[in-house]
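Here's the structure, in structure tokens; my notes come after.
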Ligand SMILES: Nc1ncnc2c1ncn2[C@@H]1O[C@H](COP(=O)(O)OP(=O)(O)OP(=O)(O)O)[C@@H](O)[C@H]1O
Ligand SMILES: [Mg+2]
């Protein structure tokens, strides 16, 4: 066990004293945050106009009945129809509203007079003015009945249910993608890299048990990948409110208890252990970091797909599925987030991952013993 | 004389990939690198393995150091088999060869402690050894410089020092003076003589005659994977110098083809 610690200490030294390594691992989270926030802000800025904005409107033949509300809502200007159209086109004026000369009389006779509203949809302000004008005109005719004009909650969807449903689909998928790319960032470099550079061989002539070397490597790499995974996860979580425009809010986290988050963490750690061990085995097999990358990529795709499987279950999946490594973890994460997890399911999913990881560590140890694998040219 | 190393009928062949076959211009799928090699090394001597490029010296030493397994045959190091008790063997030997690299990122100081810990060397003994070995090789001034930033000679010295961090009984050095200038090479050869005085056993591979003449007590000449001649340096250089003796043997074996 002392040797495992020595190796872990060395890996940590290697990792944390190398600014480049730390940056490659933490950068994705920051990038995701910056990118998603930017996208979210850009999307919600689209067609957004300052709420206090008072559009400039030119009205021809303004009827008596509308002069008061129009005067309050708009900056009214004078001008001929032709002049104003050009101004609207150029953006100097927001809209031109043309009423028929005998608007009030036509209304009284029960006819439907046409009001012409000229606007420029390429200008946010003009489009805003147009919708205000048409809203006000609509109101003129609505006297028979009203819809939803009282102060009540009409949207009856339960906020907790909806958020839970979305997070339960999103979190497993996101985590699997983020964690496997985090593992990809550290495993090939540390295993195939050491093999390629000949520093692994130096460790292999020491009397240290090969399984201890494997274990030391896996534990350290799991920590680094967790760090990277958590950083990306935080990046996503903090930027989602902006990206999703309020569907997922900062309060989402508060929907779940501390216990729920601990279960998620336990599942995530066990998932990272499996992915890292699997990637490490492939890296040990590869001759170079580059080759390791290309061998791992297909497996990474499969893992990301496994994270999506939970989306296809509308009801609680059979317990046996939770015992399938990785697949079960995706289901477990999803169940935790939708409040349907059972103790048996969580234990099965974590345990199956731990057993798989342990077997892979032993396999890695055996690979370290094999001269065919370690010294093939 | 106490036997430290007994190698019996070591054989090793490598499967050649299609690419390797093309490079070496051969159709045979298997390269026999070491063919039935036997020899013994005694306590307190420097044993030289002398042979041309590709003779199988490095392959032999890699088998002794447990990096690769012989196809057949075995070797005992202080009675421990390189096949059955490889961890006991690893504790007893120090191996230096160009294939074993140290991580560029770490300092000599860190590397020495790291490997010392892996070999289970006691803390105080480790720091004593570090102090004497580092000052002996002039590494102390570079103890905190990253390995990757050291000069070739300094790298070789650090590799050497790290390879004997656990004070092994048997030191196996593959071409230890390769790429070193005469001054650094002399530091290394002087050190090997010092190790011999301390009663350590040294196995040295080289193709440099002068190095063998200067250092070795006994010499094994390897040509094409076979031990062609094994004798004391004294006997080998009785009638002619080592180079002449070598070529006489070489011509006899290969029929004069070079
Ligand atoms: N892993 C390998 N795969 C295939 N052939 C190999 C392998 N290792 C060594 N050989 C071959 O075995 C033969 C002996 O190689 P070895 O490295 O032992 O020679 P050497 O005596 O150390 O030579 P040098 O003085 O050039 O270092 C060479 O022909 C080499 O090409
Ligand atoms: Mg060699």
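Chains as they are written, first to last, in our numbering: chain A, 94 to 470; chain B, 258 to 515.
We put the CB at the ideal spot given by N, CA and C, even for glycine.
Since this is a predicted model, take the numbers as computed values, not measurements.
Rounded to a whole number of angstroms, what is the C-alpha to C-alpha distance between residue i and residue j?
i, j, result
"residue 395 of chain A", "residue 272 of chain A", "13 Å"
"residue 224 of chain A", "residue 202 of chain A", "27 Å"
"residue 457 of chain B", "residue 284 of chain B", "44 Å"
"residue 395 of chain B", "residue 425 of chain B", "21 Å"
"residue 472 of chain B", "residue 413 of chain B", "19 Å"
"residue 180 of chain A", "residue 119 of chain A", "52 Å"
"residue 397 of chain A", "residue 366 of chain A", "16 Å"
"residue 148 of chain A", "residue 229 of chain A", "14 Å"
"residue 378 of chain A", "residue 281 of chain A", "10 Å"
"residue 415 of chain B", "residue 411 of chain A", "59 Å"
"residue 457 of chain A", "residue 304 of chain A", "7 Å"
"residue 503 of chain B", "residue 478 of chain B", "8 Å"
"residue 238 of chain A", "residue 232 of chain A", "Because residue 238 of chain A sits at a pLDDT of 47, beneath the cut-off of 50, its placement in the model cannot be relied upon, and the point is left open."
"residue 250 of chain A", "residue 267 of chain A", "With a pLDDT of only 49 at residue 250 of chain A, under 50, the local geometry of the prediction cannot be trusted, and no value is derived from it."
"residue 268 of chain B", "residue 415 of chain A", "51 Å"
"residue 350 of chain B", "residue 304 of chain B", "15 Å"
"residue 401 of chain A", "residue 129 of chain A", "21 Å"
"residue 265 of chain B", "residue 467 of chain B", "28 Å"
"residue 348 of chain A", "residue 451 of chain A", "34 Å"
Using a threshold of 6 Å, is the CB atom of residue i nearer than that to any non-hydrogen atom of ligand 1?
i, result
"residue 313 of chain B", "yes"
"residue 308 of chain B", "yes"
"residue 316 of chain B", "yes"
"residue 271 of chain B", "yes"
"residue 322 of chain B", "no"
"residue 288 of chain B", "yes"
Kindly indicate if chain A contains any beta-carbon less than 7 Å away from that of residue i.
i, result
"residue 338 of chain B", "no"
"residue 403 of chain B", "no"
"residue 286 of chain B", "no"
"residue 334 of chain B", "no"
"residue 322 of chain B", "yes"
"residue 344 of chain B", "yes"
"residue 491 of chain B", "no"
"residue 278 of chain B", "no"
"residue 399 of chain B", "no"
"residue 412 of chain B", "no"
"residue 374 of chain B", "yes"
Return the bridge partner residues of residue i from the DSSP annotation.
i, result
"residue 265 of chain B", "B/331"
"residue 475 of chain B", "B/304, B/489"
"residue 466 of chain A", "DSSP lists no partner for residue 466 of chain A."
"residue 431 of chain B", "B/462"
"residue 352 of chain B", "B/429"
"residue 260 of chain B", "B/299"
With DSSP collapsed to three states, give me the class of residue i.
i, result
"residue 179 of chain A", "helix"
"residue 192 of chain A", "coil"
"residue 294 of chain B", "strand"
"residue 145 of chain A", "coil"
"residue 167 of chain A", "coil"
"residue 340 of chain B", "coil"
"residue 395 of chain B", "coil"
"residue 484 of chain B", "strand"
"residue 380 of chain A", "coil"
"residue 414 of chain B", "helix"
"residue 299 of chain B", "strand"
"residue 367 of chain B", "helix"
"residue 102 of chain A", "helix"
Between residue i and chain B, is any beta-carbon pair separated by less than 7 Å?
i, result
"residue 250 of chain A", "Low confidence applies here, because residue 250 of chain A scores a pLDDT of 49, under 50, leaving its location unreliable; read the following figure in that light. Chain B contact via Cβ: absent."
"residue 309 of chain A", "no"
"residue 117 of chain A", "no"
"residue 434 of chain A", "no"
"residue 289 of chain A", "no"
"residue 411 of chain A", "no"
"residue 107 of chain A", "yes"
"residue 464 of chain A", "yes"
"residue 294 of chain A", "yes"
Can we count residue i as close to ligand 3, meaning its CB is less than 6 Å from some heavy atom?
i, result
"residue 159 of chain A", "Ligands present in the displayed structure are limited to ligand 1 and ligand 2, and ligand 3 is not among them."
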